[in-house]
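S.K.:
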Amino acid sequence: MARMVALVKGRVQGVGYRAFAQQKALELGLSGYAENLPDGRVEVVAEGPREVLELFLHHLRQGPRLARVEGVEVSWGEETGLKGFHTY
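Here the sequence shown stands for residues 255 to 342, where the numbers follow my numbering.
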């Protein structure tokens, strides 16, 4: 089990990106959250099996139809026991 923190930049606020991330995470059985940051990026934190997180990351790099993802900065760590997947 692992923890992934992804900082997503581009046109990712106001286009349904957090809801998209939540839907994909729940489909994949991941826990975590997605949150808008003041600088226009979205922070996505997810926990689960590393190989499932890699698949989730692929989806995050695509984003929903109205988004334009310009880059994703990713860091990895150990899970902390998050439950459910929330948006803020």
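For each residue, glycine too, the CB sits at the ideal point set by N, CA and C.
Note that the structure is a prediction, hence the values are computed from the model and not measured.
Measuring only the C-alpha atoms, how far is Val266 from Leu314?
M.R.: Going by the C-alpha atoms only, they are around 10 Å apart.
S.K.: Rounded to the nearest angstrom, what separates Ala321 and Val269 at their Cα positions?
M.R.: Roughly 6 Å separates the two Cα atoms.
S.K.: State the beta-bridge partners of Arg322 as determined by DSSP.
M.R.: Answer by DSSP bridge pairing, in chain order: Arg265.
S.K.: Taking its Cβ as the centre, do 16 or more other Cβ atoms sit within 10 Å of Leu307, making it buried, or is it exposed?
M.R.: The residue in question, Leu307, is buried, as its Cβ has 16 or more Cβ neighbours within 10 Å.
S.K.: Buried or exposed for Glu301, going by 16 or more other Cβ atoms inside 10 Å?
M.R.: Flag for Glu301 reads buried.
S.K.: Compare the Cα-Cα distances from Val323 to each of Arg304, Tyr342, Glu333 and Val296 and report the closest residue.
M.R.: Looking at the Cα atoms, Val296 is the closest of the given residues.
S.K.: May I have a chain-ordered list of the beta strand (DSSP E) segments no shorter than 3 residues that lie completely inside the segment 279 to 318?
M.R.: Runs of the beta strand (DSSP E) inside the segment 279 to 318: 285 to 290 and 296 to 302.
S.K.: Do Arg272 and Glu333 have their C-beta atoms within less than 7 Å of each other?
M.R.: Their beta carbons are not under 7 Å apart, which means Arg272 does not touch Glu333 by this criterion.
S.K.: In or out: Gln276 buried (at least 16 other Cβ within 10 Å) or exposed?
M.R.: Burial call: buried.
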